[in-house]
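For the sequence shown, the numbering used here gives the first residue as 39, with consecutive numbering after it.
Glycine residues also receive a C-beta, built at the ideal position from the N, C-alpha and C atoms.
Data block below; observations after.
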Amino acid sequence: MKGLLIKDLYLVKGYGTSIILISALFIAIGIMNGSYAFLMLTALYSAMISINTMSYDERGHWDTYADSLPVSRTQVVLSKYILSFIAMLIVWILYLAGQTIADVCSGTGVSAHMLSMSLILWSSWGFMVALLYPVLFRFGMEKGRVLYMLAIMVISGVSGIFLSIKDELDVSITVSDITPYTGIAACVIVLSAVLVTISVLLSIHFYGKRDL
């Protein structure tokens, strides 16, 4: 497992810095403008990092070569999810740092807004991973490209609907409102965890039966 992660980290080394810088820029724009759309894009980038490594593996026929190595297909699948999780964790830390700096500089102190945005970031990442990864592990990058693009359109559409509803209702969370949202936060976290777990199990099943 460790070797698989190191291999993927070498793959993303060339463009990983660029993705982090772009994510940091989007986070800064999202915080300054209060735009959820820019922040949700960073969750998409986090999910995309592992997808890019899948594309490299398939084009270089590494996935076929991996079958001759002392690693299981389950480990290959798990390494992709772990890599994406690490990327999302970095994005989340960047957001927390940026939002904290913005709140301190504005003199408002650390706001409960970070809770709502953290939930949106992690749930967006969980939904993207849960929807995209099983498709790609089932059909591969080439065969699954159309379904992959369709999934991106679905995710973008759902995100747009969510943002429209939020704007219409003018939903916001303040420090005084934090307690009533604790239950909602717990439900969102549990739902995201369940979706990702189901996604992992499906991906392991599909990839285990796939002809390489």
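Could you check what DSSP says for residue i in three-state terms: helix, strand or coil?
i              : result
proline 172    : helix
aspartate 101  : helix
arginine 248   : coil
glycine 182    : coil
methionine 166 : helix
valine 115     : helix
leucine 107    : coil
methionine 39  : coil
threonine 55   : helix
Would you call residue i buried or exposed, if buried means 16 or more other Cβ atoms sit within 10 Å of its Cβ?
i              : result
glycine 182    : buried
serine 106     : exposed
serine 56      : exposed
proline 172    : buried
aspartate 215  : Because aspartate 215 carries a pLDDT of 46, less than 50, the predicted location of this residue cannot be relied on, and the following value inherits that uncertainty. Burial call: exposed.
proline 108    : exposed
serine 210     : Confidence at serine 210 is low in this model, with a pLDDT of 48, below 50, so its placement is unreliable and the value that follows should be read with caution. Exposed: under 16 other Cβ atoms inside 10 Å.
alanine 81     : buried
tyrosine 48    : exposed
aspartate 95   : buried
valine 129     : buried
methionine 92  : buried
alanine 168    : buried
isoleucine 246 : The sequence shown places glycine at residue 246, not isoleucine. When all chains shown are included, glycine 246 counts as exposed.
lysine 40      : exposed
Does the beta carbon of residue i sit closer than 8 angstroms to a beta carbon anywhere in chain B?
i              : result
methionine 166 : The structure shown has no chain B; it contains just one protein chain.
*Contact between the region 153 to 161 and the region 108 to 117: three or more CB pairs below 8 angstroms?*
Cβ pair count under 8 angstroms is below three, so no.
*asked:* Any contact between the region 80 to 89 and the region 117 to 134? By contact I mean 3 or more CB pairs, one from each, below 8 angstroms.
replied: Pairwise C-beta distances place the region 80 to 89 in contact with the region 117 to 134, as three or more of them are shorter than 8 angstroms.
*With contact counted as at least three CB pairs below 8 angstroms, one residue from each stretch, are the region 137 to 144 and the region 91 to 107 in contact?*
Per the Cβ contact rule, the region 137 to 144 is not in contact with the region 91 to 107 (fewer than 3 Cβ pairs under 8 angstroms).
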